[in-house]
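Enquirer: Protein chains in written order, with the numbering used here: chain A, 72 to 151; chain B, 72 to 151; chain C, 29 to 749; chain D, 252 to 484. Just so it is clear, CB atoms sit at the ideal spot from N, CA and C, and this is done for glycine as well. Below you will find the structure I want to go over with you.
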Ligand SMILES: Nc1ncnc2c1ncn2[C@@H]1O[C@H](COP(=O)(O)OP(=O)(O)O)[C@@H](O)[C@H]1O
Ligand SMILES: [Mg+2]
């Protein structure tokens, strides 16, 4: 089973990568871009085929290790 | 318009972050995880509603700045 | 490189028909595919030095304090009381052009392995760099990527980067140079060499798993020129893992400390082929290697691929059977792989098996010892006569403020802190004089000893006269370490050149070797190692001949209060020490920045005064607060740098206009308290006094310290923003 | 007193911290992260470096090292637990300190001395200093940008848990003096009782005049000073 975890900085906390990239895009003349945010993605391959159980386990991994609840939100998706 | 860009290291290149995180998951007892890979995601907000034109423009941004075509592949998706 | 071309396999691997014939002669048969792969990589220019080897013997490499000279992974010198220092320089030019971050990062990783292979703990890195002009966005991208890559790897692996140097010229636009030099220290009993002794000893592969990284990297990226097709070479990019390397360093040093290994070799270019064959050959032994024991990252790798892979962060240790358990335990402690992949055998044959089948069987020494050696033709380039004739040693008059500000705004002269503040340059608490000075000075904790290091290159000057240019680099580098109070002690060199198959390029090369050798002999400083990077050519355009000198200076004891650029104060006297030479403006910053010229013939070194000035500088450093050698930009720039760093103006006279910008060698600026300089056996004259808020050159004009400072500080960040 | 200095794989400032503690006469010993006990130690320092390569997130993996249970126990017992740079990041990840550290505002690594104004003198890193003191200490980090939500920031300010702010040489806290974009110029914080303290810049790099500054001795010296203080309670 393939799982994808999207991790994003909580709203309101600074996102230096996003801010810097937004500025760089402006400098290159891409004026149509009004906002840029960065996230990280973690792809897991897992044994078994119980998607419910897997999602629950991945949620535990995220809380424990993969995301930092102080500054990040995460989303889990079974992708294959 | 909201756009999501998924960027991943090309296949065959090593992914030290993935390997190290994989080992950490093992140490925490998550044995069901057989592989861990890292990617990054960039979320753009853009003016206009011509999705075709936007996608083409984002593709240009990726080649020029957002991704490193030498070692990364990217995928563009209109998400809202 | 595609199968569409019906080229025979050896040519696809970059091997000539004659070279292929010699392989057949050595083996007495056609090579198997894996064997051909091994010869092709080991006999590449990068690994075999086939175009340069016959010339490198010219370098003086002996001195009583040399413990290990050229030929090993790093040169080693004796610092007394059981302390040794290891030094080595490498280039990572082509990989850094293909992918600047990873290219530079893996360059740092590679040079560090050369150092800890010797048993030394790496304690510092330097990064001599060359790029195209920063007006072009791609050149900025390359500079940014390279600096981030060095920072990303060097900082994380925990080795401080203590300096480097940088030049910009169009010639480097499609062929940037990324050289890296590393220094290590060790106690004598920890010195390890790469020889596999003892039949039955085990070859243990340590570190990262093997993937298809950089297959053909050595032979293809570094041994051929670039053209529009270079896109096809891109899959051979390697990704660096500083964390793995850090663990590898700690694990290896722990193994040495406990005496668990009898020999060790890093895996660089040509990976397992190179490491196994060199270990075996150096010990006069053979080796049986089992590729099934090599941990791989990808499925279905062929024997040739595993043998040629340049996956980073791997070492091959030779271990006595009784120590294997302990070696594996140390590896486990540091969470790195340890795989028993081979056994040392009698007789000099390297045998490699995969899936139980023999895939290679060859004389181990033939991969290195029987590599071809070429004495390529040389020819003095025709461009020289014209350029020499055109030169003028009179500096066209101009406005001092305009000229000086233009020079201070030049990215090759301006404040380099945009670069070195991205590097950890303090770790280990050794850094006494940090980057931003002529040389960085490191103490060795627990002793009174100190080492200074400077790296120097000057492609333009070497283009105008490679022999003089190279000799002057050695003298300048020596002066740079002397002004910190150390004595020039050893040299490593990195010879970055164009296509050696062109006689003009080969001439530049041999002239350089001659000039550098003569200057080292004059100073009595041995060359303890080096590196040659040929084929720095893109679309037929060669780079300037770009030798880089890395000079190690040594002091015992270290001066109590070594000179610094920021120690000048109000009322102090300003002196110029060194010959009152005729102006030397060929390849000067003045001609380049103000007049856009590159012509004339640079002055030669002064074989009498040069060494005496260096000795005088070492002496003066014991008591004088500021010593700064006069180099790029001449006396005017040297003085400006002192004023800016000390936040104090000055007034100087008695220097004529041409002399202000002249880059004639063997001179330094000394700033000292009122009672003057100590007695010297070299010329010295007082030219002015510190004080005030301007750089005041009397009849030539003046500018505010504040204005000079902001231009100089902003030049690089402004361009890179 | 005796202090443990922890080595995670990727840590690199451990010997420098021991050297600094040595100079102020504090007995310090290196402890490998796979050890589980801190028995016999009166305090612990998590030094700088790149534990686990800073992969995943800085400090994230290190906090699960075997030694960390004992570090938490030591924190709970009120003994000094100090994190410097990467060690600070580990303490935040472990939830022993509020907030988190993210990439510098300019997305580049910064190695240079900075000025810090001391904001509280009741912690394991400031017990020997005075509020308002300005110290010059080298910064050396890529992820030194302190973030926390507004509520947390308000709370730690009200509680005296902000230990240091980036300032100019005279102690004025300005935007210009903020090297990395840290929220409210915060360079170091403590827990509520002050025994757990973290700081981005490296006091152990400012312990001898020949290295450019000795101000770090004041901060390192606060560890025994704090220990004496709570011991006396
Ligand atoms: N690429 C670089 N990386 C790190 N430090 C650099 C780099 N280039 C220059 N520097 C530092 O800037 C200072 C000035 O360099 P340079 O002008 O080349 O010195 P010099 O002319 O005395 O040889 C030196 O301390 C050097 O180490
Ligand atoms: Mg100099």
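Strictly below 9 Å CB to CB, what residues from chain D border residue 122/B?
Expert: The count along the second chain starts at 1 and reaches residue 122/B at position 51. Here the premise fails: no neighbours, minimum Cβ distance about 30 Å.
Enquirer: Which residues, in order along the region 435-463 of chain D, keep a beta-carbon less than 7 Å from a beta-carbon of chain C?
Expert: Listed in sequence order: 456, 461 and 462.
Enquirer: Buried or exposed: residue 382/C, going by 16 or more other Cβ atoms within 10 Å of its Cβ?
Expert: Numbered from its first residue, the third chain carries residue 382/C at position 354. Classification for residue 382/C: buried.
Enquirer: Which residues of chain B have a Cβ atom closer than 7 Å to the Cβ of residue 77/A, listed in chain order?
Expert: Here the question's residue 77/A lines up with position 6 in the first chain. Residues of chain B passing the Cβ test: 112.
Enquirer: State the DSSP-derived secondary structure class of residue 144/A, mapped to helix, strand or coil.
Expert: Stepping through the first chain from its first residue, residue 144/A is reached at position 73. Three-state DSSP puts residue 144/A in a strand.
Enquirer: Within 10 Å of its beta-carbon, does residue 287/D have 16 or more other beta-carbons around it, so buried, or fewer, so exposed?
Expert: Taking the first residue of the fourth chain as 1, we reach residue 287/D at position 36. Residue 287/D comes out exposed.
Enquirer: With H, G and I counted as helix, E and B as strand and the rest as coil, what does DSSP make of residue 262/C?
Expert: The residue labelled residue 262/C in the question sits at position 234 within the third chain. Here the model assigns residue 262/C a pLDDT of 37, short of 50, so the residue's position is not dependable and the matter cannot be decided.
Enquirer: Evaluate the contact criterion for the region 311-325 of chain D versus the region 459-468 of chain D: three or more CB pairs, one atom per stretch, below 8 Å.
Expert: Too few Cβ pairs lie closer than 8 Å, so no.
Enquirer: Taking buried to mean at least 16 other C-beta atoms within 10 Å of its own C-beta, is residue 121/B buried or exposed?
Expert: Position 50 of the second chain, counted from the first residue, corresponds to residue 121/B. Exposed.
Enquirer: Mind checking if residue 342/C is an interface residue toward chain B, Cβ cutoff 8 Å exclusive?
Expert: Within the third chain, the letter at position 314 stands for residue 342/C. For residue 342/C, the answer is no, since every Cβ of chain B falls outside 8 Å of its Cβ.
Enquirer: Tell me where the beta strand (DSSP E) around residue 732/C begins and ends.
Expert: As a first step, residue 732/C is located in the third chain; it is residue number 704 there, counting from the start. Segment 730-732, the beta strand (DSSP E) holding residue 732/C.
Enquirer: Measure the CB-CB distance between residue 445/C and residue 419/C and report whether it falls below 8 Å.
Expert: Locating residue 445/C in the third chain gives position 417, counting from the first residue. Locating residue 419/C in the third chain gives position 391, counting from the first residue. No, these two residues do not count as a Cβ contact at 8 Å.
Enquirer: Using alpha carbons as the reference points, say which of 402/D, 270/D and 311/D lies closest to residue 261/D.
Expert: For this step, residue 261/D is matched to residue 10 along the fourth chain. Of the candidates 402/D, 270/D and 311/D, the one whose C-alpha sits nearest the C-alpha of residue 261/D is 311/D.
Enquirer: What ranges does the beta strand (DSSP E) occupy inside the region 93-173 of chain C, keeping only unbroken runs of at least 3 residues that lie completely in it?
Expert: DSSP runs (the beta strand (DSSP E)) wholly in the region 93-173 of chain C: 94-96, 103-108, 111-119 and 149-159.
Enquirer: Residue ranges of each beta strand (DSSP E) run of no fewer than 3 residues wholly in the region 460-519 of chain C, ordered along the chain?
Expert: Counting only runs of 3 or more, we get 468-471 and 478-485.
Enquirer: Going along the chain, which residues of its own chain have a beta-carbon closer than 6 Å to the beta-carbon of residue 282/D, five neighbours each way excluded?
Expert: Taking the fourth chain and counting its residues from 1, one reaches residue 282/D at position 31. Hits under 6 Å: 255 and 257.
Enquirer: So is residue 135/A in contact with chain B if we call contact Cβ pairs under 8 Å?
Expert: The residue you call residue 135/A lines up with position 64 of the first chain. Answer yes: the Cβ-Cβ gap between residue 135/A and chain B drops below 8 Å somewhere.
Enquirer: Enumerate in chain order the residues of its own chain whose CB-to-CB distance from residue 403/C is below 7 Å, with the five nearest sequence positions on each side excluded.
Expert: Counted from its first residue, the third chain places residue 403/C at position 375. The answer, listed in chain order, is 82.
Enquirer: Using a Cβ-Cβ cutoff of less than 8 Å, which residues in the same chain neighbour residue 151/C once the five nearest sequence positions on both sides are dropped?
Expert: Looking up residue 151/C in the third chain gives position 123. Within the same chain, residue 151/C has close Cβ partners 187, 188, 211, 212, 213, 456, 458 and 470.
Enquirer: So what does DSSP say about residue 358/C, is it helix, strand or coil?
Expert: Here residue 358/C corresponds to residue number 330 of the third chain, with the count starting at 1. Reduced to three states, the DSSP call for residue 358/C is helix.
Enquirer: If we define contact as Cβ-Cβ less than 8 Å, is residue 130/C a contact residue for chain B?
Expert: Here residue 130/C is taken as the residue at index 102 of the third chain, counted from 1. Yes, because at least one Cβ of chain B sits closer than 8 Å to the Cβ of residue 130/C.
Enquirer: With DSSP as the reference, identify every bridge partner of residue 362/D, one or two as the case may be.
Expert: Residue numbering aside, residue 362/D sits at position 111 when the fourth chain is read from its first letter. Beta-bridge pairing links residue 362/D to 391/D.
Enquirer: Using C-beta distances below 6 Å, list every residue in its chain close to residue 375/D, excluding the 5 sequence neighbours before and after it, in chain order.
Expert: By one-based count along the fourth chain, residue 375/D stands at place 124. If we look at residue 375/D and ignore the five residues flanking it on each side, its Cβ neighbours are 331, 333, 446, 448, 474 and 477.
Enquirer: Residue 397/D bridges to which residues according to DSSP?
Expert: By one-based count along the fourth chain, residue 397/D stands at place 146. According to DSSP, residue 397/D bridges with 352/D.
Enquirer: Could you name the residues of the region 92-103 of chain B whose beta carbon sits closer than 8 Å to any beta carbon of chain D, in the order they occur along the chain?
Expert: Listed by position along the chain: 92, 95, 98 and 99.
Enquirer: Decide if the region 542-556 of chain C is in contact with the region 169-188 of chain C; the criterion is three or more beta carbon pairs, one per stretch, under 8 Å apart.
Expert: Contact between the region 542-556 of chain C and the region 169-188 of chain C is absent, because fewer than three Cβ pairs lie under 8 Å.
Enquirer: I want to verify the contact list: residues of chain A whose CB lies under 8 Å from the CB of residue 84/B, in sequence order.
Expert: On the second chain, residue 84/B is found 13 positions in, with the first residue counted as 1. Near residue 84/B there are no residues of chain A at all, since even the closest Cβ is about 15 Å away, more than 8 Å.
Enquirer: For residue 88/B and chain D, any beta-carbon pair shorter than 8 Å?
Expert: Locating residue 88/B in the second chain gives position 17, where the first residue counts as 1. True, the Cβ-Cβ gap to chain D drops below 8 Å.
Enquirer: Put residue 641/C into one of helix, strand or coil per three-state DSSP.
Expert: Numbered from its first residue, the third chain carries residue 641/C at position 613. Three-state result, residue 641/C: helix.
Enquirer: Can you tell me whether residue 476/C is buried or exposed? The criterion is at least 16 other CB atoms within 10 Å of its CB, across all chains shown.
Expert: On the third chain, position 448 is the one that residue 476/C refers to. Exposed is the call here.
Enquirer: What's the C-alpha gap between residue 717/C and residue 389/D?
Expert: The residue you call residue 717/C lines up with position 689 of the third chain. The residue you call residue 389/D lines up with position 138 of the fourth chain. So the alpha carbons of these two residues sit roughly 33 Å apart.
Enquirer: Which partner residues does residue 603/C have in the DSSP bridge list?
Expert: To locate residue 603/C, count along the third chain from 1; it is residue 575. In the DSSP output, where bridge partners are listed per residue, residue 603/C has 698/C and 714/C.
Enquirer: For residue 393/D, go through chain B and note every residue whose CB falls closer than 8 Å to its CB, in chain order.
Expert: Along the fourth chain, read from residue 1 onward, the residue named residue 393/D stands at position 142. Ordered by position in chain B, no residue passes the 8 Å Cβ test against residue 393/D, which lies about 15 Å from the chain.
Enquirer: List the residues of chain D that residue 451/C touches, going by C-beta distances under 9 Å, in chain order.
Expert: Here residue 451/C is taken as the residue at index 423 of the third chain, counted from 1. Ordered by position in chain D, the residues that pass the 9 Å Cβ test against residue 451/C are 360 and 362.
Enquirer: Are the beta-carbon atoms belonging to residue 485/C and residue 576/C less than 8 Å from one another?
Expert: Position 457 of the third chain, counting from 1, holds the residue named residue 485/C. Position 548 of the third chain, counting from 1, holds the residue named residue 576/C. Cβ atoms of residue 485/C and residue 576/C: closer than 8 Å.
Enquirer: Can you give me, in chain order, the residues of the region 291-310 of chain D that have a beta carbon less than 7 Å from any beta carbon in chain B?
Expert: Cβ contacts with chain B come from 303, 304, 306 and 307.
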